[in-house]
Each structure stands twice: as C-alpha cells, then as structure tokens.
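In the working numbering, the protein residues as written are 8 to 158.
The beta carbon of each residue, even a glycine, is placed where N, CA and C say it ideally should be.
Quick caveat, the model's predicted, so the values are computed rather than measured.
Worksheet: one structure, shown below.
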Amino acid sequence: DDAELARLTARSIADGQIIGWFQGPMEFGPRALGHRSILADPRVAGARERINALVKKRESFRPFAPAVTEGAATTLFEIEPEDVHRFAEMLFVAYVRPEYAERLPAVTHVDGSARVQSVSRGSSPLFWSLIEEFGALTGLPVLLNTSFNVA
8 DDAELARLTA RSIADGQIIG WFQGPMEFGP RALGHRSILA DPRVAGARER INALVKKRES
68 FRPFAPAVTE GAATTLFEIE PEDVHRFAEM LFVAYVRPEY AERLPAVTHV DGSARVQSVS
128 RGSSPLFWSL IEEFGALTGL PVLLNTSFNV A
C-alpha cells in the first residue's frame with residue numbers, strides 16, 4: 008500500500024540510498040516535481056557529487072532542489088506563509104534559513120539559496136507522504152529532488 012511504500016522508501020533514503028521515484032502522471036516541463044524524480048537525503052553533503060558522478064554528469068556548482076512539505080517550508084526556508092503555494096512548481100529561489108543551511112548541505116547553494124519545491128498533500132499525496140515519513144525519521148521533512156534528465 009502507499010503508506011508502506013512511503014515508509015520503506017523514506018527509510019532507504021535516510022539510510023543513504025539514492026532512489027529513482029516514478030509514480031502517477033508525468034510532469035510537463037523541465038522540473039522533476041515528485042512524479043519522475045531522483046531523490047536523496049539532503050543532509051548528506053556528498054549526495055550531490057554522487058548523483059553527478061552516477062547520473063547527471065553536470066558541473067559541481069549547480070545545486071539540486073529541495074522538495075519540502077508546505078507545512079515545513081516557512082520553517083526551513085525564508086518564505087512567507089502567504090507565498091508557500093507559489094513554490095509548488097520549483098520556479099523560485101529562497102534562502103535556506105541560517106540555522107538549517109549546515110543541516111541541508113546537498114540542497115543549499117554556495118550563496119545560501121535553494122530552488123524550493125513546496126509539496127502539498129492535496130497536489131501530490133504519495134510524494135507528500137514520503138517527505139513526511141522522511142521528516143518523521145530525520146526531523147527534516149525535505150528531500151533532495153532532481154530530474155532524470157542529464158545536465
């Protein structure tokens with residue numbers, strides 16, 4: 008069932024696995040929004056380098072995005088509550104709050120920013136559940152999220 012899938016996948020990511028996530032209808036556009044995504048633990052500084060070496064083959068300075076539950080977006084990132092919904096499609100950049108930047112090295116750019124995706128339960132229930140489960144395990148309801156495309 009979906010709850011068990013979210014629990015098992017969250018545990019695998021928290022244990023250091025990089026996951027290929029494929030569920031529901033395909034997204035349209037250049038961003039992975041949780042239906043066709045490569046997911047990893049944002050707390051692991053080497054996750055970005057590992058994904059680049061194995062899959063993306065892109066420049067090391069290019070950051071990966073955090074996918075965060077809407078409820079945690081304003082806690083982890085400098086986003087106003089009334090603007091959280093604007094981050095649903097990974098179109099905007101926000102600064103990682105200073106107290107979380109060191110805890111989220113794989114999704115924090117050199118200038119402290121991140122291209123945030125806020126995920127609501129209504130828009131993507133299974134992906135939201137996965138992020139929630141990861142948060143229950145780690146205290147941080149956020150995942151590194153990138154597309155399957157190269158570069």
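Are the beta-carbon atoms belonging to residue i and residue j less than 8 Å from one another?
i: Leu150; j: Pro49; result: yes
i: Leu144; j: Arg18; result: yes
i: Ile25; j: Ile45; result: yes
i: Val139; j: Thr81; result: Here residue 139 is Glu; the residue named in the question, Val, does not match the sequence. No, the pair does not count as a contact, with Cβ atoms beyond the cut-off.
i: Val117; j: Pro73; result: no
With a threshold of 6 Å on Cβ separation, who are the neighbours of residue i within its own chain once the five nearest residues in sequence on each side are excluded?
i: Ser120; result: Val100, Tyr102
i: Phe134; result: Gly41, Val126
i: Gly142; result: Pro148
i: Pro112; result: Ala52
What are the start and end residues of the beta strand (DSSP E) that includes residue i?
i: Ile26; result: 26-29
i: Leu151; result: 149-153
i: Arg38; result: No beta strand (DSSP E) contains Arg38, which DSSP labels as neither H nor E.
Do you know whose CA, among the options, lies nearest residue i's CA?
i: Ser154; options: Ser136, Gly78, Leu15, Ala47; result: Ala47
i: Leu15; options: Asn156, Ser136, Gly146, Glu106; result: Ser136
i: Asn156; options: Glu11, Glu96, Arg43; result: Arg43
i: Ala39; options: Gly23, Arg93, Ile86, Phe71; result: Phe71
i: Ser131; options: Asp8, Gly31, Gly27; result: Gly31
Quick one: is residue i buried, meaning 16 or more other Cβ sit within 10 Å of its Cβ, or exposed?
i: Val114; result: buried
i: Met97; result: buried
i: Ala60; result: exposed
i: Ala13; result: buried
Near residue i, which residues of its chain fall below 7 Å by C-beta distance, leaving aside the five closest residues on each side in sequence?
i: Met33; result: His42, Arg43
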